[in-house]
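**Student:** I have a structure here, written as structure tokens, and I will follow up with some questions on it.
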Amino acid sequence: MIYKYLKVIVYGFLAWLIPFVASLFFYTKEGILTIDVFLFKSIMIVVGSISAAFLLISYFKNINAEYYKEGIVVGFTWFAINVLLDLLILVQMSGMPLRDYFSQIGLRYVVIPVMSITIGIALKNKK
């Protein structure tokens, strides 16, 4: 049981880390973005969605019951992890005001619980 919760947390961390590491390739050492900001945001959404999708597939491979509940728990846990890590690291690094963060980045993390709950519903309906 503890392994399952640890897996939720580790995968949630990876859902944040993968796009964060990918984003570093688009900045100079001085912190200047090397591509158009809108292209960058699109790339981050795509990278984040793909990595979260693969992590969700991996997570749900070993789930055999209560798919809907698992989708809710995983989705909102990963959402919280991503926002928390952004507040601790990304917002601090960028100096972005919280209002700007939540309107430009934080709101996009809603896609995580949407994806995980949708997977949970699909698996529940398949049974």
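Okay, so the sequence shown: first residue is 1 according to UniProt numbering, each after it adds one. From the three backbone atoms N, C-alpha and C, an ideal C-beta is built for every residue, glycine too. Here the structure is a predicted model, which means the values were calculated and not measured.
1. Less than 6 Å between C-beta atoms, sequence neighbours within five positions excluded: which residues of the same chain meet that for Val-91?
2. Going by alpha carbons, who is nearest to Phe-13 out of Thr-118, Asn-82, Tyr-68?
3. Output the distance between the C-alpha atoms of Phe-79 and Ala-65, rounded to the nearest integer angstrom.
4. Can Met-115 and Leu-56 be called in contact, C-beta distance under 8 Å?
5. Are the beta-carbon atoms belonging to Gly-75 and Ile-112 less than 8 Å from one another?
6. Between the region 39-46 and the region 5-12, do at least 3 Cβ pairs fall closer than 8 Å?
**Tutor:** With the given structure in hand:
1. Tyr-101
2. Asn-82
3. 22 Å
4. yes
5. yes
6. no
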